[in-house]
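Numbering-wise (UniProt numbering), the sequence shown opens with residue 1 and increments by one.
Yeah, the Cβ is synthetic: ideal placement off N, Cα and C, and Gly gets one too.
Presented below is the structure to which this report refers.
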Amino acid sequence: MRMVFRWFGENNDTVTLDQIRQIPGTEGIVWALHDVPAGEVWPLERIQEIRDLASKHGLHTEVVESVNVHEDIKLGLPTRDQYIENYIRTIENLAQIGVKVICYNFMPVFDWARTDLFKEMEDGSTALFFEKEKIDGVDPFELVKIINQNSDLTMPGWEPERLAHLTSLFEAYRDVTEEDLWDNLKYFLDRIVPVAEKNGILMAVHPDDPPFAIFGLPRILNDQAGFRRLLSLHDSPANGITLCTGSLGAKPSNDIISMIHEFQGRIPFTHIRNVRVMDNGDFIETSHKTSDGTVDISGVVKAYYDTDFTGYCRPDHGRHIWGEQCRPGYGLYDRALGIMYLWGLWDAYSRQQAQSPNASAGEGN
Ligand code: DNO
Ligand code: MN
Numbered sequence: 001m002r003m004v005f006r007w008f009g010e011n012n013d014t015v016t017l018d019q020i021r022q023i024p025g026t027e028g029i030v031w032a033l034h035d036v037p038a039g040e041v042w043p044l045e046r047i048q049e050i051r052d053l054a055s056k057h058g059l060h061t062e063v064v065e066s067v068n069v070h071e072d073i074k075l076g077l078p079t080r081d082q083y084i085e086n087y088i089r090t091i092e093n094l095a096q097i098g099v100k101v102i103c104y105n106f107m108p109v110f111d112w113a114r115t116d117l118f119k120e121m122e123d124g125s126t127a128l129f130f131e132k133e134k135i136d137g138v139d140p141f142e143l144v145k146i147i148n149q150n151s152d153l154t155m156p157g158w159e160p161e162r163l164a165h166l167t168s169l170f171e172a173y174r175d176v177t178e179e180d181l182w183d184n185l186k187y188f189l190d191r192i193v194p195v196a197e198k199n200g201i202l203m204a205v206h207p208d209d210p211p212f213a214i215f216g217l218p219r220i221l222n223d224q225a226g227f228r229r230l231l232s233l234h235d236s237p238a239n240g241i242t243l244c245t246g247s248l249g250a251k252p253s254n255d256i257i258s259m260i261h262e263f264q265g266r267i268p269f270t271h272i273r274n275v276r277v278m279d280n281g282d283f284i285e286t287s288h289k290t291s292d293g294t295v296d297i298s299g300v301v302k303a304y305y306d307t308d309f310t311g312y313c314r315p316d317h318g319r320h321i322w323g324e325q326c327r328p329g330y331g332l333y334d335r336a337l338g339i340m341y342l343w344g345l346w347d348a349y350s351r352q353q354a355q356s357p358n359a360s361a362g363e364g365n
């Protein structure tokens, strides 16, 4: 398991590279050019700048999250070919500086969605919260108004240029079914995967977050069957998964440990975080500790250990604790604590294995 940490850039993050460097066992940043609109080529010079900056701090830049997919690709419009061409050029540029994994997602219009970014918890910390009823009842066009009132928020997947076109995007998706989305994903992968293969890059799609349709928009990657189908679209390691335990964990029927076993070898990147799911479908993002949420984090780490996971791992969103003022979900403290919890579990499993050398992988499940 190779630990990395998401970093939004010098003028876009409260966490510094020096701080990241001091988190035990953390070897690289997970980064993106957040100001380049989806569909445009990432310029080589900008990419090299990040690589140079990170390496000055002893960190690598092998994992990118996300190269966003233009909506025209997801919609299957004729204009998609140009955007796919640009995506290919971005892959080639990233390969030049040694990028190994590109995380992306295939969610129409929205990346992750929450109803409260700073929900107060019993211990005084705050965390990202999703109140299902609030979203279920929302007319998408009402939502456009709400978002426009909060236009000072800049977050991944909620880029201003996307929000500006929300109304027309909702119109465009009106007749797009899940099967259409599968066709469009296949069309994209058919062109991207061979390029990734040639460039030594593994594509890793992130699950839908939350793991169900919202605002009437189709969503296809949120359970085991969906990911099985994704992998079968292209039977190549370059067509892989960013297995996010928090996103998948918000759907209680998902058996994440079984997914880790089934999809081993096709998970170049994992996000590990915990969520507590309520009976009514609401969920809140808790600390990584297994007993704090509904996701069996220690079982997850054991599954990775048992399947000899050598991919990249990052703690995903964290709570906001100790008064830290930071991007929602992306403070230093709770994510650093999460890393230490994950390493603690990992070391304990490896010690256990070392003490019983005859134990075969997977024993004791
Ligand atoms: C949620 C986060 C996501 C993720 C993107 C990847 O779990 O990890 O915001 O960064 O969906 O494209
Ligand atoms: Mn994630």
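- Cβ contact annotation for M107 (same chain, cutoff 7 Å, sequence separation greater than five): D208, R219, in chain order.
- Taking C-beta separations shorter than 8 Å and ignoring five residues to either side along the sequence, the partners of V109 in its chain run E71, R162, L166, L169, F170, Y173, F215, L217, following chain order.
- For R80, the three-state secondary structure derived from DSSP is helix.
- In chain order, the residues with a C-beta atom nearer than 6 Å to some heavy atom of the ligand MN are H206, C244, G246, S247, H271, D316.
- Cβ contact annotation for F212 (same chain, cutoff 7 Å, sequence separation greater than five): R219, N222, K251, in chain order.
- Shortest Cα-Cα distance from R266 to any of T245, M203, K289, S291 involves M203.
- Rounded to the nearest whole angstrom, the CA to CA distance from V36 to W7 is 16 Å.
- In the DSSP assignment, Y330 falls outside any beta strand (DSSP E) and carries neither an H nor an E.
- In the DSSP annotation of this structure, R114 is not part of any beta strand (DSSP E), being labelled neither H nor E.
- Here the alpha carbon of V30 sits roughly 11 Å from the alpha carbon of H271.
- For R46, the enclosing alpha helix (DSSP H) covers residues 44 to 56.
- Counting only runs of 3+ residues, the beta strand (DSSP E) found wholly inside the stretch 209 to 291 occupies 239 to 244, 269 to 272, 275 to 277, 283 to 285, in chain order.
- DSSP, read as helix, strand or coil, puts W322 in coil.
- Each residue's CA atom was taken as its position, placing N274 and P237 some 27 Å apart.
- With a 10 Å radius around the Cβ and a threshold of 16 neighbouring Cβ atoms, R46 comes out exposed.
- Counting other Cβ atoms within 10 Å of its Cβ, A336 reaches 16 or more and is therefore classed as buried.
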